[in-house]
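Novice: So for the sequence shown, the UniProt record's numbering puts the first residue at 1; every next one is plus one.
Got a structure for you, written out below as structure tokens; questions coming shortly.
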Amino acid sequence: MVEPTGPVGRPGSTSGTDEFLPLLLDNGFHQVPEVNEPPARLSGWSVLFAMGRLHSILQPSAAGTSAWWQAHAPLVVTEAWRNAANSQSTVIMYAAPAGTIGRQPREDLLRTALDRAAARGLLVAATLPLAGT
């Protein structure tokens, strides 16, 4: 789940308008009407997962790939998350505008927040392949 801490604008824009979802939609992510259905695979994008840690989300560029998001320090993930990602060789990435989901202390509360965001048309997603091991 990716949720920025504030509005995200297009490069060079000074309007202050949050363009986070339109930017992702422009790059192949899809609106999520229902969280129960897995999103389509997004070619060119990938999740860099190495040595049991999440490092970055990579996007295609003219020079090959570049980091769309990168952890300040590789993120430790649970063993269950790591096993699921490795067995499927994919990760589902959900994204919502700032203030839509918030920090959720439990998975059931996160799911409720995702369902609410989808119902309001504020959730996009894609299935991304793993890069690394």
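All C-beta atoms in this analysis are idealised placements derived from N, C-alpha and C, irrespective of residue type, glycine included.
Nothing here was measured: the structure is a model prediction, and the numbers come from that model.
What does a CB cutoff of less than 6 Å around G132 pick up in its chain, not counting 5 residues either side in sequence?
Specialist: Translated into the one-based positions of the sequence shown, residue 132 becomes position 132. Once the five neighbours on either side are set aside, the close Cβ partners of G132 are L48, F49 and A50.
Novice: To the nearest angstrom, how far is it from the Cα of A117 to the Cα of A63?
Specialist: Sequence index remark: in the sequence shown, residue 117 carries index 117 (1-based). Sequence index remark: in the sequence shown, residue 63 carries index 63 (1-based). In a straight line, the C-alpha of A117 is about 34 Å away from that of A63.
Novice: Taking the alpha carbon of W45 as the reference point, which residue from S61, A113 and E34 has its own alpha carbon closest?
Specialist: Working through the sequence shown from its first residue, we reach residue 45 at position 45. Looking at the Cα atoms, S61 is the closest of the given residues.
Novice: Let me know the secondary structure DSSP gives W81 once reduced to three states.
Specialist: Here residue 81 refers to the residue found at position 81 when the sequence shown is read from its first residue. It is helical.
Novice: On the CB-based measure, 16 or more other CB atoms within 10 Å of its CB, does S13 come out buried or exposed?
Specialist: Sequence index remark: in the sequence shown, residue 13 carries index 13 (1-based). S13 comes out exposed.
Novice: With H, G and I counted as helix, E and B as strand and the rest as coil, what does DSSP make of R116?
Specialist: Mapped onto the sequence shown, residue 116 falls at position 116. Three-state DSSP puts R116 in a helix.
Novice: Look at the alpha carbon of V76 and the alpha carbon of R82, and state the distance between them as a whole number of angstroms.
Specialist: Stepping through the sequence shown from its first residue, residue 76 is reached at position 76. Stepping through the sequence shown from its first residue, residue 82 is reached at position 82. Each residue's Cα considered, the two are about 9 Å apart.
Novice: Using the rule of at least 16 other Cβ atoms within 10 Å of the residue's Cβ for burial, across every protein chain shown, is T5 buried or exposed?
Specialist: Within the sequence shown, the letter at position 5 stands for residue 5. Flag for T5 reads exposed.
Novice: Against chain C, with Cβ distances strictly below 8 Å, would D115 count as a contact?
Specialist: In the structure shown, chain C cannot be found, because there is only a single protein chain.
Novice: Where does residue 156 fall in DSSP's three states?
Specialist: Here the chain covers residues 1 to 133 and nothing more, so residue 156 does not appear.
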